[in-house]
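Below is one structure, written out as structure tokens, with a few remarks after it.
2 protein chains.
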Amino acid sequence: MTLLRIDGERLWQGLMQMAEIGPGVAGGNNRLAFSPEDDAARGLFRRWCQAEGLSVHSDRFANQFATRDGSEDLPPLLIGSHLDTQPTGGRFDGVLGVLAGLEVLRCLNAADVRTRRPVTLVNWTNEEGAIIRPMMGSEVFTGALALDQARAMTDHRGRRISDMLDALENGAGPNGPGFPVHAYIELHIEQGPVLEQAGEVIGVVTSGIGFRRWQLRFSGQDAHAGPTPMETRRDAMVAAAHAVLIADRAARALPGARATCGRIATPNGSQVTVASQVELTLDLRHEDLAQLDRLTARVLREIEDQALALGVGFACEKTTDSSPVPFDSGVIAAIEAARIQNGFPGRRIVSGAGHDACNMARVCPAGMIFVPSANGISHNETEYTSPEHCAAGAQVLLDSVLMLAG
Amino acid sequence: MTLLRIDGERLWQGLMQMAEIGPGVAGGNNRLAFSPEDDAARGLFRRWCQAEGLSVHSDRFANQFATRDGSEDLPPLLIGSHLDTQPTGGRFDGVLGVLAGLEVLRCLNAADVRTRRPVTLVNWTNEEGAIIRPMMGSEVFTGALALDQARAMTDHRGRRISDMLDALENGAGPNGPGFPVHAYIELHIEQGPVLEQAGEVIGVVTSGIGFRRWQLRFSGQDAHAGPTPMETRRDAMVAAAHAVLIADRAARALPGARATCGRIATPNGSQVTVASQVELTLDLRHEDLAQLDRLTARVLREIEDQALALGVGFACEKTTDSSPVPFDSGVIAAIEAARIQNGFPGRRIVSGAGHDACNMARVCPAGMIFVPSANGISHNETEYTSPEHCAAGAQVLLDSVLMLAG
Chain A
1 MTLLRIDGER LWQGLMQMAE IGPGVAGGNN RLAFSPEDDA ARGLFRRWCQ AEGLSVHSDR
61 FANQFATRDG SEDLPPLLIG SHLDTQPTGG RFDGVLGVLA GLEVLRCLNA ADVRTRRPVT
121 LVNWTNEEGA IIRPMMGSEV FTGALALDQA RAMTDHRGRR ISDMLDALEN GAGPNGPGFP
181 VHAYIELHIE QGPVLEQAGE VIGVVTSGIG FRRWQLRFSG QDAHAGPTPM ETRRDAMVAA
241 AHAVLIADRA ARALPGARAT CGRIATPNGS QVTVASQVEL TLDLRHEDLA QLDRLTARVL
301 REIEDQALAL GVGFACEKTT DSSPVPFDSG VIAAIEAARI QNGFPGRRIV SGAGHDACNM
361 ARVCPAGMIF VPSANGISHN ETEYTSPEHC AAGAQVLLDS VLMLAG
Chain B
1 MTLLRIDGER LWQGLMQMAE IGPGVAGGNN RLAFSPEDDA ARGLFRRWCQ AEGLSVHSDR
61 FANQFATRDG SEDLPPLLIG SHLDTQPTGG RFDGVLGVLA GLEVLRCLNA ADVRTRRPVT
121 LVNWTNEEGA IIRPMMGSEV FTGALALDQA RAMTDHRGRR ISDMLDALEN GAGPNGPGFP
181 VHAYIELHIE QGPVLEQAGE VIGVVTSGIG FRRWQLRFSG QDAHAGPTPM ETRRDAMVAA
241 AHAVLIADRA ARALPGARAT CGRIATPNGS QVTVASQVEL TLDLRHEDLA QLDRLTARVL
301 REIEDQALAL GVGFACEKTT DSSPVPFDSG VIAAIEAARI QNGFPGRRIV SGAGHDACNM
361 ARVCPAGMIF VPSANGISHN ETEYTSPEHC AAGAQVLLDS VLMLAG
């Protein structure tokens with residue numbers, strides 16, 4: 001059993017200091033990927049790592065890596081998460097995993113513990129996907145998305161990723177993406193209510209939920225709101241409203257399912273014109289692949305049938321498709337052992353959100369540690385995880401690292 | 001009976017020439033109020049009127065007036081409409097009334113007919129209301145809206161009306177707004193299917209429909225789309241979708257009613273976050289005031305009840321309130337007489353849209369002439385009225401002017 005203890009006070013102070021970069025309007029953060037605030041967070045991360053004597057580099061997609069050498073020249077154990085946030089995001093989502101990783105390396109330095117394998121801490125680029133598809137950094141790192149293809153994409157305001165990458169001061173380096181990794185561990189807040197409601201501290205994550213996202217487009221006919229009789233309209237807004245409720249009802253009827261329409265727009269819309277164009281995002285999730293397939297087929301078919309009945313055209317473009325991802329039994333066992341040796345109450349749990357760990361699980365043994373989110377709230381400025389729960393998560397991460405880095 | 005005949009070919013050429021300013025993407029127009037295109041249309045209108053020897057001036061809200069003197073110094077007979085369009089608007093909505101008015105004055109000039117009263121042709125500022133409330137020019141002219149209040153308003157992109165007015169080259173003059181008017185006649189396309197389906201050419205408009213508009217705001221709680229169970233969500237998008245369908249169903253169930261939600265937005269929305277803020281426009285219309293009152297009360301109450309049931313906050317701000325407007329029996333009789341003496345098939349009709357004539361009817365005798373819209377389509381780039389129908393409308397306008405100007 002280890003005698004190393006992480007410093008919860010130091011970890012908490014780091015979290016609060018990072019939260020000063022890109023403050024929101026209600027106590028949280030607005031630190032969108034590629035923004036000046038993201039850039040500033042990257043700079044602070046680099047300086048903190050360098051002050052700890054770590055070797056820091058970035059790959060060509062601006063993923064940041066800080067390495068503590070091992071006694072042997074082996075593929076490293078990778079730990080970390082992300083520092084970008086949603087536009088009305090919290091102070092813990094992603095940030096906890098990065099700063100707890102830094103705390104782990106600080107503990108190893110302070111105790112002068114030499115691990116057999118190097119331990120590398122990562123800050124992934126654009127995990128949140130608030131402006132374009134999420135988890136692009138780990139997608140590029142693992143080869144699931146080609147670097148050139150990623151750089152050529154544009155966000156929802158039409159800005160090229162390559163231009164935004166090149167504008168970062170703490171941006172891309174000359175090498176990579178990708179290098180051999182022994183295993184990957186990510187500490188993260190749960191972002192749901194399960195642990196808190198059960199009075200538990202540590203979630204040992206067994207798999208990542210499957211999710212699919214679409215951009216839906218409804219095409220009706222613009223017509224004057226006054227003289228156009230209701231029965232001759234082809235109203236794209238009405239078709240989109242049906243779509244929102246079809247998805248919502250289908251997810252409520254299927255245990256474990258989630259459906260979210262988070263963004264809607266009426267390009268060239270006018271308050272006195274029947275809408276001809278409505279754009280809507282749809283996000284569907286389930287932990288079971290067959291159930292996700294059935295949910296997907298049913299929702300899209302009902303939306304299309306309803307649009308057709310209204311004389312409205314319907315098109316959908318899939319923007320993300322991530323199957324459920326089982327995590328590695330060895331990494332799960334190490335995290336479970338670390339939880340037990342520290343006496344933290346906990347449970348095995350499925351991750352309802354997508355994480356960089358899901359991409360990593362496709363190329364190396366991977367696993368995740370969850371800590372509670374107050375009221376289950378995340379992607380919200382009031383997101384909160386207590387100092388004690390942050391410290392507990394970091395302690396389980398430290399002890400898992402000691403087991404897996406040798 | 002008059003021997004004056006309007007020149008339908010000259011009128012049509014003017015319509016097509018005006019349509020070259022601010023072309024749309026599908027054969028129509030995008031000539032928003034206060035835009036450079038609107039400004040260019042104003043300049044062309046002024047030059048055409050000056051070439052006809054008319055005295056042209058603008059009031060302090062940039063309403064343009066071109067006057068042909070009468071034999072006596074009396075309040076003028078006012079005719080006209082507007083030259084601004086919807087963002088995906090047509091070539092006839094408003095433009096026909098202005099250019100047919102010019103054609104009437106050209107005919108009077110060519111025949112050297114001297115009317116007793118002056119005849120003044122008007123181009124009203126910002127009739128369409130695509131960027132802010134509609135019919136502001138005639139509201140300011142009639143005193144329903146104070147000039148200073150109108151200038152201080154901002155559009156949906158936050159631009160001040162005063163700044164946009166001051167930026168016009170063909171903008172505001174030093175005098176007015178408002179002057180005594182003997183009567184007002186507006187020729188306009190029907191913007192609905194009634195005349196065409198009945199095989200008729202002229203609609204003698206007996207009243208303007210009543211309409212009310214609101215900006216609706218739904219306030220839920222932003223939360224991560226993955227780990228947040230369906231049953232704990234407070235989803236503003238779902239509440240807004242219910243609102244769209246509540247309004248649509250209520251209008252379909254009440255003969256003569258109209259309900260339109262033309263514009264929707266999710267400020268700071270993300271495809272992976274349950275929406276916390278949704279903004280939606282609502283437009284309700286009916287020709288009968290008591291029915292409009294009942295429709296309004298029922299729709300807003302149901303929307304609020306549904307939002308509350310979802311744990312979503314609801315607020316609504318009324319942006320326009322226009323009661324049904326009966327037109328003047330004398331003006332109606334003159335238009336009816338002009339229709340009959342020309343042998344045009346037609347009917348009495350209610351206007352489903354708001355028009356500047358509705359504002360004018362509150363301060364002077366007013367009336368409207370409708371001509372058919374192909375397929376009932378308007379506020380759409382494919383909007384069309386045939387050269388023959390345009391000429392018929394202008395002829396009825398000319399003969400009505402001769403009766404009312406003496």
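Just so you know, the sequences run in chain order A and B. At position 21 of the first sequence (counting the first as 1) the number is 21 in this note's numbering, and the numbers step up by one without a gap. At position 243 of the second sequence (counting the first as 1) the number is 243 in this note's numbering, and the numbers step up by one without a gap. We put the beta carbon where it would ideally sit given N, CA and C, even for glycine.
In terms of beta-carbon proximity, H82/A stays away from the interface with chain B, with every pair separated by 8 Å or more.
T296/B sits in a helix when the DSSP states are folded into three classes. At a cut-off of 8 Å between C-beta atoms, D39/B does not count as an interface residue with respect to chain A. Here N63/B is buried. Its C-beta has 16 or more other C-beta atoms within 10 Å. Inter-residue distance for A265/A and I131/A is about 15 Å (C-alpha atoms, whole angstroms).
Linking Q215/A to H57/B through their CA atoms gives a straight-line distance of about 50 Å. Taking the CA atoms as reference points, R213/B sits about 8 Å from Q271/A.
CA-CA distance, V238/A to T273/A, rounds to 13 Å.
DSSP links C390/A through a beta bridge to no other residue.
Taking C-alpha positions only, A240/A is separated from G176/B by approximately 46 Å.
Contact of Q17/A with chain B is not assigned, every C-beta pair being separated by 8 Å or more. Residue environment: G101/A is assigned as buried (16 or more neighbouring CB atoms within 10 Å of its CB, all protein chains considered).
Note on geometry: alpha-carbon atoms of R117/A and A236/A lie some 58 Å from one another. Taking 8 Å as the threshold, the shortest C-beta distance from F211/B to chain A falls below it. Residue range M136 to T142 is occupied by the alpha helix (DSSP H) that includes T142/B.
Where I369/B is concerned, the enclosing beta strand (DSSP E) starts and stops at A366 to V371. For E279/B, the enclosing beta strand (DSSP E) covers residues Q277 to H286. Taking 8 Å as the CB threshold, M136/A stays off the interface with chain B. Listed in chain order, the beta strand (DSSP E) elements of length 3 or more contained wholly in the region 72-149 of chain B are 77-82 and 119-124.
Excluding sequence positions up to five before and after T296/A, its CB lies within less than 8 Å of the CB of R212 and L284, all in the same chain and listed in chain order. In the structure shown, T385/A falls within a coil segment according to DSSP collapsed to helix, strand and coil. In summary, the residues of the region 280-292 of chain A whose CB is separated from some CB of chain B by less than 7 Å are T281, D283 and R285, in the order they occur in the chain. Within the same chain, Cβ atoms closer than 8 Å to the Cβ of I349/B are found at E190, V194, L195, G203, V204, V205, T206 and F370, the five residues on either side in sequence being excluded. Taking 8 Å as the CB threshold, Q149/B stays off the interface with chain A. At a cut-off of 8 Å between C-beta atoms, P118/A does not count as an interface residue with respect to chain B. Contact check for P372/B and V201/B: beta-carbon distance about 7 Å, within the 8 Å limit, so the pair qualifies. Under a criterion of Cβ atoms nearer than 8 Å, the residues of chain A adjacent to E190/B are, in order, P227. Here F141/B is buried: its Cβ has 16 or more other Cβ atoms, across all protein chains shown, within 10 Å. For P36/A, the three-state secondary structure derived from DSSP is helix. From the beta-carbon of H224/A, the residues of chain B found nearer than 7 Å are Q191, A353, S378 and H379.
With fewer than 16 neighbouring CB atoms inside 10 Å of its own CB, R5/B falls in the exposed class.
Here A257/A is not near H224/A, since their CB atoms are 8 Å or more apart. Taking 7 Å as the upper bound on Cβ-Cβ separation, chain A lies near residues D248, A251, R252, R258, T260, C261 and G262 of the region 247-262 of chain B. Looking at the DSSP output, L187/A shares a beta bridge with I369/A. Taking a Cβ-Cβ cut-off of 8 Å, the neighbours of M230/B in chain A comprise D248, A251, R252, A257, R258 and A259, given in sequence order.
By the C-beta density criterion, E317/B is exposed, having fewer than 16 other C-beta atoms within 10 angstroms.
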